[in-house]
Amino acid sequence: MGRLVPAVTRALDILELFLDGDGTLSAPDIVRRLQLPRTTVHELVTTLAARSYITPVPGQPGRYRLGVRPYQLGSRYSEQLDLAAEGQQVARSVAETCDETVHVAILEGTDVIYIAKVDSTHAVRMVSAAGRRLPAHCTSVGKMLLASLSEPELTSRIPDDADLIRMTPNSITEPGALREALVEIRARGIAVESRESNPDVSCIAAPVRDRTGQVVAALSISVPMIRWSEDRKVELEGLAAKGAAELSERLGHRSVG
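At position 126 of the sequence shown the residue is numbered 126 (full-length UniProt numbering), and the sequence of numbers has no breaks.
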């Protein structure tokens, strides 16, 4: 790897400061927060403003906000994003860590569609394929995605009198029971499915968000019951959350805190 250029690093540090607070900064703010010399900050701010990376705030002399150039770069980046491709890369990384089958899925109506999948190397593993469609209420990814819907949208998809398909004896078939499960999922930020779509497999899922914060997909880890335990469940919950957060970041989401 080549040497980092200090001036470029400092300029990028300044730009990243605008991600916090109200999105405006003065030169003294930058000096204080980055502990840089005033002359250096003045030169960097002048350069960034000249290149439209930052721009003066109208009516607030000496304060700056992000200019049009970061927006243009962000828009171009967004145009190049491919959820399935990014999901496949993250799923591969997660699968290499836990050696279990990892999926990324989206919600369509009352079903989930798997758009990315990486298999476990174990002889005993979940058998599935990208492009497969399953009832959302029977899967961890589906329940995670349903939990992200507003109440009116959830009701429009799954009315109180809906006849939910039973895939295994553990499947949730009552809309009321499903809603109770979704309340807990919203509170925890993690969905667990215990042999609800496959009698021999349990799954854990976490939400994937885009740059607006909207849940657009879910990432899951599927584990055959012969390798399932409470300790393993806790471990994989953390890994699923980490993988979903990484994919969210790739999609432009920035977590707070």
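In this text, a Cβ means the ideal position worked out from N, Cα and C, and glycines have one as well.
Would DSSP call residue 25 helix, strand or coil?
Position 25 of the sequence shown, counted from the first residue, corresponds to residue 25. Looking at residue 25 - three-state DSSP - the assignment turns out to be strand.
In the DSSP assignment, what are the bridge partners of residue 111?
The residue you call residue 111 lines up with position 111 of the sequence shown. Beta-bridge pairing by DSSP links residue 111 to 108 and 135.
Under the rule that 16 or more other beta-carbon atoms within 10 Å means buried, what is residue 8, buried or exposed?
As a working note, residue 8 is residue 8 in the sequence shown. Classification for residue 8: exposed.
Please go through the same chain and pick out, in chain order, the residues whose beta-carbon is closer than 7 Å to the beta-carbon of residue 210, but skip the five residues on each side of it.
By 1-based counting over the sequence shown, the position of residue 210 is 210. Excluding sequence neighbours, residue 210 sits near 216, 251, 252 and 253.
Round the Cβ separation of residue 219 and residue 234 to the nearest angstrom and send it over; I've been treating them as touching at under 8 Å.
Start at 1 with the first residue of the sequence shown, and residue 219 comes out as number 219. Start at 1 with the first residue of the sequence shown, and residue 234 comes out as number 234. That belief does not hold up - the Cβ atoms of residue 219 and residue 234 are roughly 17 Å apart, past 8 Å.
Touch check for the region 16-29 and the region 37-46: three-plus C-beta pairs under 8 Å?
Enough Cβ pairs lie closer than 8 Å, so yes.
Would you kindly check if the distance between the Cβ of residue 138 and the Cβ of residue 184 is under 9 Å?
On the sequence shown, residue 184 is found 184 positions in, with the first residue counted as 1. On the sequence shown, residue 138 is found 138 positions in, with the first residue counted as 1. Against a cut-off of 9 Å, the Cβ pair of residue 138 and residue 184 comes out as no contact.
Could you check if residue 124 is buried or exposed, using at least 16 other CB atoms within 10 Å of its CB as the buried criterion?
The count along the sequence shown starts at 1 and reaches residue 124 at position 124. The predicted position of residue 124 is uncertain, since its pLDDT is 46 and thus under 50; a value taken from the coordinates is nonetheless stated next. Counting Cβ neighbours within 10 Å, residue 124 comes out exposed, since fewer than 16 surround it.
For the beta strand (DSSP E) that residue 201 lies in, which residues bound it at each end?
For the purposes of this step, residue 201 is taken as the residue at position 201 of the sequence shown. First-last of the beta strand (DSSP E) with residue 201: 201-209.
As an exercise, report each continuous alpha helix (DSSP H) stretch of at least 4 residues that is fully enclosed by the region 139-197, in chain order.
140-147, 151-157 and 175-188
Exposed unless 16 or more other CB atoms sit within 10 angstroms - verdict on residue 140
To locate residue 140, count along the sequence shown from 1; it is residue 140. Under a 10 Å Cβ-count criterion, residue 140 is classified as buried, with 16 or more other Cβ atoms of the shown protein chains found around its own Cβ.
DSSP state of residue 42 mapped onto helix, strand, coil
As a first step, residue 42 must be located in the sequence shown, where it is residue number 42. DSSP places residue 42 in helix when its eight states are reduced to three.
Do residue 144 and residue 205 have their C-beta atoms within less than 9 Å of each other?
On the sequence shown, residue 144 is found 144 positions in, with the first residue counted as 1. On the sequence shown, residue 205 is found 205 positions in, with the first residue counted as 1. Going by C-beta atoms, residue 144 is nearer than 9 Å to residue 205.
List the residues that DSSP assigns as beta-bridge partners of residue 117.
Position 117 of the sequence shown, counted from the first residue, corresponds to residue 117. Partner(s): 103.
Nearest to residue 46 by alpha carbon, out of 21, 74 and 15?
For the purposes of this step, residue 46 is taken as residue 46 along the sequence shown, with counting starting at 1. That would be 15, whose Cα lies nearest to the Cα of residue 46.
Looking at the structure shown, is residue 94 part of a helix, part of a strand, or coil, going by DSSP?
For this step, residue 94 is matched to residue 94 along the sequence shown. Helix at residue 94.
Rounded separation between residue 48 and residue 55 - CA only
One-based indexing of the sequence shown puts residue 48 at position 48. One-based indexing of the sequence shown puts residue 55 at position 55. Our two residues, residue 48 and residue 55, have alpha carbons roughly 8 Å apart in a direct line.
Delimiting residues of the beta strand (DSSP E) encompassing residue 56:
The sequence position of residue 56 within the sequence shown is 56, counting from 1. Start and end: 54-56.
Following the continuous beta strand (DSSP E) through residue 65, name the residue where it begins and the one where it ends.
For the purposes of this step, residue 65 is taken as residue 65 along the sequence shown, with counting starting at 1. Note, residue 65: beta strand (DSSP E), 63-66.
Classify residue 100 as buried or exposed, calling it buried when 16 or more other Cβ atoms lie within 10 Å of its own Cβ.
Position 100 of the sequence shown, counted from the start, is the residue given in the question as residue 100. Per the 10 Å Cβ criterion, buried.
Is DSSP giving residue 124 helix, strand or coil here?
Your numbering for residue 124 matches position 124 in the sequence shown. Any answer about residue 124 is weak, because its pLDDT of 46 lies below 50 and its placement is not dependable; what the coordinates show is given next. DSSP places residue 124 in coil when its eight states are reduced to three.
Indicate the three-state DSSP secondary structure (helix, strand or coil) for residue 75 in the structure shown.
Reading the sequence shown from its first residue, position 75 is the one you call residue 75. Looking at residue 75 - three-state DSSP - the assignment turns out to be helix.
Let me know if residue 85 comes out buried or exposed under the rule of 16 or more other beta-carbons within 10 Å of its beta-carbon.
Residue numbering aside, residue 85 sits at position 85 when the sequence shown is read from its first letter. Flag for residue 85 reads exposed.
Helix, strand or coil at residue 14 according to DSSP, with G and I counted as helix
In the sequence shown, counting from the first residue as 1, residue 14 sits at position 14. DSSP places residue 14 in helix when its eight states are reduced to three.
Rounded separation between residue 142 and residue 53 - CA only
Against the sequence shown, residue 142 aligns to sequence position 142. Against the sequence shown, residue 53 aligns to sequence position 53. Computed Cα separation, rounded: 41 Å.
Is the distance from the Cβ of residue 110 to the Cβ of residue 186 below 9 Å?
Here the question's residue 110 lines up with position 110 in the sequence shown. Here the question's residue 186 lines up with position 186 in the sequence shown. Using a Cβ distance threshold of 9 Å, residue 110 and residue 186 do not count as a contacting pair.
CB of residue 200 within 9 Å of CB of residue 169, strictly
For this step, residue 200 is matched to residue 200 along the sequence shown. For this step, residue 169 is matched to residue 169 along the sequence shown. Not closer than 9 Å, so no.
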